[in-house]
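So the structure is just underneath, and the comments pick up after that.
Protein chains: 2
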Amino acid sequence: MKTYPHNVKTIKSENRALIFNYLRRKPTSRAEISKGSGMSKSAVTMITNELIHDGQIVETNSAPSARGRKSILLDIVADYRVAAGISLHRKHIYVCIVDLKSRILAYASHKTSDWNNPYRLMDDAYREICGFLEELNIPKERCLGIGVSAPGPLDYVSGVMMSSPEFELFHNVDVRSYLQNKSGMPVMLDNNAVLLAMQQSLSNQYPYKNFIFVVVSNGIGSAVINNGTVYRGFRGFAGELGHTSIHANGIPCSCGNAGCLEKYISIQALQEKFGIPSYEKVVDDAYMGDHEANRILEYIADEFSCALGNAINLFDPDGVIIYGQFSYRPEKLFALLQEKVNRRSVITRTHPVEISYSRMQPDEASASVCSAIINRYFEQKL
Amino acid sequence: MKTYPHNVKTIKSENRALIFNYLRRKPTSRAEISKGSGMSKSAVTMITNELIHDGQIVETNSAPSARGRKSILLDIVADYRVAAGISLHRKHIYVCIVDLKSRILAYASHKTSDWNNPYRLMDDAYREICGFLEELNIPKERCLGIGVSAPGPLDYVSGVMMSSPEFELFHNVDVRSYLQNKSGMPVMLDNNAVLLAMQQSLSNQYPYKNFIFVVVSNGIGSAVINNGTVYRGFRGFAGELGHTSIHANGIPCSCGNAGCLEKYISIQALQEKFGIPSYEKVVDDAYMGDHEANRILEYIADEFSCALGNAINLFDPDGVIIYGQFSYRPEKLFALLQEKVNRRSVITRTHPVEISYSRMQPDEASASVCSAIINRYFEQKL
DNA sequence: TCAAATTTATGGTATAATAGAACTAATAGA
DNA sequence: TCTATTAGTTCTATTATACCATAAATTTGA
Chain A
1 MKTYPHNVKT IKSENRALIF NYLRRKPTSR AEISKGSGMS KSAVTMITNE LIHDGQIVET
61 NSAPSARGRK SILLDIVADY RVAAGISLHR KHIYVCIVDL KSRILAYASH KTSDWNNPYR
121 LMDDAYREIC GFLEELNIPK ERCLGIGVSA PGPLDYVSGV MMSSPEFELF HNVDVRSYLQ
181 NKSGMPVMLD NNAVLLAMQQ SLSNQYPYKN FIFVVVSNGI GSAVINNGTV YRGFRGFAGE
241 LGHTSIHANG IPCSCGNAGC LEKYISIQAL QEKFGIPSYE KVVDDAYMGD HEANRILEYI
301 ADEFSCALGN AINLFDPDGV IIYGQFSYRP EKLFALLQEK VNRRSVITRT HPVEISYSRM
361 QPDEASASVC SAIINRYFEQ KL
Chain B
383 MKTYPHNVKT IKSENRALIF NYLRRKPTSR AEISKGSGMS KSAVTMITNE LIHDGQIVET
443 NSAPSARGRK SILLDIVADY RVAAGISLHR KHIYVCIVDL KSRILAYASH KTSDWNNPYR
503 LMDDAYREIC GFLEELNIPK ERCLGIGVSA PGPLDYVSGV MMSSPEFELF HNVDVRSYLQ
563 NKSGMPVMLD NNAVLLAMQQ SLSNQYPYKN FIFVVVSNGI GSAVINNGTV YRGFRGFAGE
623 LGHTSIHANG IPCSCGNAGC LEKYISIQAL QEKFGIPSYE KVVDDAYMGD HEANRILEYI
683 ADEFSCALGN AINLFDPDGV IIYGQFSYRP EKLFALLQEK VNRRSVITRT HPVEISYSRM
743 QPDEASASVC SAIINRYFEQ KL
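Going down the list, the sequences are from chains A and B.
The first sequence begins at 1 in our numbering and counts up by one.
The second sequence begins at 383 in our numbering and counts up by one.
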């Protein structure tokens with residue numbers, strides 16, 4: 001249900017966003033954009049020339065063509081703007097400056113146990129951002145804003161972090177207001193699974209149009225990308241895969257539910273159940289043919305496939321991408337997962353649903369903290 | 383990721399759709415539409431006058447106002463167009479003609495066991511539709527198309543029914559092509575849960591913006607409405623709640639999975655487990671204070687709340703609406719469900735998620751078979 | 001009863017954006 | 001060098017809206 005009207009002015013900004021959606025994936029010619037998007041050539045010319053004039057895009061080399069005049073590729077000007085990012089993790093905090101192509105221009109990572117004062121933490125991070133911008137000689141006006149990522153429950157609409165077991169001391173910290181007032185820049189708070197999924201969606205590593213992105217670390221979070229946009233639900237809390245129950249009367253979880261996936265396949269859970277030293281060790285042993293190690297992988301695949309199968313049955317994706325822990329030598333586990341998911345999910349009877357591991361590089365993942373800010377720029381809802 | 387461009391012409395059709403979205407809910411004045419939608423008064427006047435001229439809407443009585451000129455309410459002309467519907471159930475087939483306000487103008491229901499020849503079935507249904515149109519003196523041109531609903535797995539994009547345990551003999555029946563060729567009208571095939579959810583969404587019975595609609599009959603299906611539109615997933619198979627597993631190693635299901643919700647709370651399952659004569663009897667007994675009957679309700683709520691909690695954790699809705707079987711004297715069961723879901727779902731820690739039973743009337747539900755066709759008309763993507 | 005205030009609806013004009021056609025530019029191959 | 005082909009630009013007609021002024025209808029209160 002669309003509640004905003006369209007007028008002559010919105011046309012242009014929507015079409016501009018459409019053009020950016022091509023360019024940010026790869027350099028593209030005017031002709032190709034016109035054909036792909038359905039816009040007239042003249043409209044594409046008009047908009048792109050304006051963007052060139054502004055310095056937002058440039059003409060790069062020309063692309064070979066079978067016959068006729070070569071096309072001139074247009075490309076994003078990566079450093080037209082930058083974005084700052086603050087990534088909160090359980091044991092460290094990561095601060096970075098990122099360009100429009102998600103390349104990291106500056107970063108720092110600090111260990112921290114000082115969760116007592118989230119405001120001081122934000123102060124420090126903001127000071128660091130200012131320092132980076134100065135070093136890079138980038139005036140504040142060229143910084144689009146600050147993206148903040150956190151693993152815990154948060155309200156992305158209001159920009160407030162809620163209390164969680166992991167971040168005990170973050171009781172309704174209004175990250176957005178605080179940082180926005182301090183910096184005078186737009187601030188966007190988001191869940192790290194959502195941000196990573198956005199980044200993955202853009203990376204073209206997998207061709208999925210509708211995928212579930214699962215982040216396995218201490219907890220298990222997820223996000224769903226539906227035709228290129230994040231499925232948010234009512235308040236943006238969608239995707240709590242880790243607290244999905246696979247045993248209605250199973251192991252009690254701190255969340256109040258019983259049988260939560262996290263209680264079965266998180267590293268902590270595996271350590272408790274099997275006494276393993278590390279997941280990597282188990283995988284290495286499994287490849288060496290160790291029976292017990294293979295049994296553990298089988299167990300993980302069994303439990304995980306149940307939760308994944310459920311999510312697939314509900315979301316009907318064309319792919320599932322798993323990020324984090326299980327990406328270590330993933331072939332063996334993923335073969336098992338695929339097989340078991342195929343058995344469990346009725347959706348896979350109608351079309352294949354590929355279970356893949358994320359090939360995102362560490363720096364891409366780090367840069368993802370800015371992806372909401374950068375997306376906002378490219379949408380240019382002027 | 384929008385892939386169609388906007389031009390001067392699309393503006394108008396989108397704004398017209400915006401106006402219809404107000405009018406189909408309730409009669410509304412031009413002024414109110416203008417304020418609510420953000421469109422200028424002149425644009426609203428322009429479009430509505432055109433629609434009046436076409437006979438698509440009319441001015442009705444004027445609405446009282448505190449001060450100043452009374453506003454003139456505009457209303458849909460319900461019989462400007464009609465839609466035909468064919469609803470396939472396991473043991474009967476339902477055929478109807480519906481107006482733009484989802485009022486049933488003609489209908490018939492037939493018992494049938496003749497699933498041997500789905501084409502003859504469609505032939506019969508289409509003949510009946512033609513008969514109805516003749517009786518009602520409605521020329522074929524005024525019929526928007528034929529909506530077809532079925533409970534089994536189907537591809538709404540291509541309009542093909544797939545084989546399922548319930549409809550064994552429907553092996554890839556191309557309902558759309560067959561009926562479209564026969565009738566020369568647009569044909570839309572859809573899942574009955576989706577159609578009911580669309581109808582519910584329009585009915586304004588509940589204020590939810592993002593709800594999960596669950597249909598409990600022989601199987602358990604569901605559909606998710608996200609900001610007024612159906613969440614479809616990759617190929618429209620989303621919402622297989624009934625084959626969501628709540629016991630990873632539970633009762634084997636014909637779908638290949640184990641522990642599917644259907645295997646626990648479907649009437650058949652309850653009869654097998656508890657030997658009950660009918661669900662209604664159990665409920666009546668429970669209200670009379672019967673201990674065993676209350677135990678059964680508790681059991682249902684336990685199992686159901688697990689699947690619902692999972693779906694809520696994944697979709698983050700503001701409400702869940704349950705339709706069908708459990709709507710019989712629902713207060714007792716729904717109180718239990720609400721309590722258990724609140725315990726199981728982490729989402730309910732952040733905002734309330736109401737578990738309600740659908741108050742849709744039987745005729746509304748029957749008319750829902752046409753809701754995709756009618757929605758298509760009101761969207762008027764000209 | 002009548003004027004002021006208020007709200008609804010309409011009409012005219014300026015503006016913005018696109019489509020489409022005609023045109024120029026560049027390129028490969030015969 | 002000529003031709004077919006594709007890329008990109010420019011100009012004009014079209015279309016839809018916003019904005020402003022105005023008209024119409026209604027209530028309030030003097």
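By construction, the Cβ of each residue, glycine as well, lies at the ideal position given by its N, Cα and C atoms.
Each residue's CA atom was taken as its position, placing A/G256 and A/V8 some 51 Å apart.
Straight-line measurement puts the Cα of A/G228 at about 15 Å from the Cα of A/I374.
The DSSP-derived three-state label of B/I658 is coil.
Contact between the stretch 307–316 of chain A and the stretch 619–633 of chain B is present, with at least three C-beta pairs closer than 8 Å.
In the DSSP assignment, B/G603 falls within the unbroken beta strand (DSSP E) covering I602 to N608.
If you draw a 10 Å sphere on the C-beta of B/R614, you find 16 or more other C-beta atoms in it, and that means buried.
Around the beta carbon of A/V157, a 10 Å sphere encloses fewer than 16 other beta carbons of the protein chains shown; the residue is thus reported as exposed. When CB distances to chain B are screened at a threshold of 7 Å, the residues of the stretch 308–325 of chain A falling below it are G309, N310, A311, N313, L314, F315, D316, P317 and D318, in chain order.
Of A/I225, A/A78, A/V215 and A/V77, the smallest CA-CA separation from A/P317 is found for A/I225.
From the listed residues A/L23, A/R235 and A/Q271, the smallest Cα separation to A/S203 is found for A/L23. Residue nearest to A/G68 within the set A/V98, A/A78 and A/A31 is A/A31 (criterion: CA-CA distance). In the three-state reduction of the DSSP assignment, B/A445 falls in the strand class, which pools E and B. For B/D457, same chain residues with a beta-carbon under 7 Å away, outside a window of 5 residues either side, are L405, P409, I439, V440 and T442 in chain order.
Taking each of B/A448, B/I528 and B/L455 in turn and checking the Cα distance to B/R758, the smallest one comes out for B/I528. Judged by DSSP secondary structure, A/Y94 falls within the beta strand (DSSP E) whose first and last residues are H92 to D99. Considering only beta carbons, no part of the stretch 23–35 of chain A lies closer than 7 Å to chain B. In the three-state scheme derived from DSSP, where H, G and I count as helix and E and B as strand, B/C637 is classed as coil. Among the residues facing chain A, B/I434 is not included, as its CB has no counterpart in that chain under 7 Å away. Within the stretch 2–59 of chain A, the runs of alpha helix (DSSP H) at least 4 residues long that lie entirely inside it are, in chain order, 8–23, 30–37 and 41–54. One thing to note: A/I104 has its Cβ no nearer than 7 Å to the Cβ of A/V95. Remark: fewer than three beta-carbon pairs, one from each stretch, lie closer than 8 Å, so the stretch 719–726 of chain B and the stretch 327–345 of chain A are not flagged as touching. Distance from the Cα of A/M185 is smallest, within the candidate group A/P207, A/E272 and A/C130, for A/C130. Annotation: A/K111 to A/K91 spans about 6 Å, alpha carbon to alpha carbon. Cα atoms of B/K417 and A/Y4: separation of roughly 11 Å, rounded to the nearest angstrom.
Proximity of chain A to B/P387 at the Cβ level (cut-off 7 Å) is accounted for by N15, L18, S37, G38 and M39, in chain order.
If you look at B/A579, you'll find it in the alpha helix (DSSP H) that goes N574 to S585. In the three-state scheme derived from DSSP, where H, G and I count as helix and E and B as strand, A/V148 is classed as strand.
Distance between B/S748 and B/P500, taken at the CA atoms: about 21 Å.
For B/G691, the enclosing alpha helix (DSSP H) has its first and last residue at H673 to F697. Among the residues facing chain A, B/V555 is not included, as its CB has no counterpart in that chain under 7 Å away.
Contact annotation, A/A125 with A/F378: C-beta distance approximately 25 Å; criterion of less than 8 Å not satisfied. Under the three-state reduction of DSSP, B/A717 is assigned to helix. Counting only the Cα atoms, A/N192 lies some 33 Å from A/I52. As a beta-bridge residue in DSSP terms, B/A488 pairs with B/I479.
When Cβ-Cβ separations below 7 Å define contact, A/S245 makes contact with chain B.
DSSP places A/L133 inside the alpha helix (DSSP H), whose first and last residues are P118 to E135.
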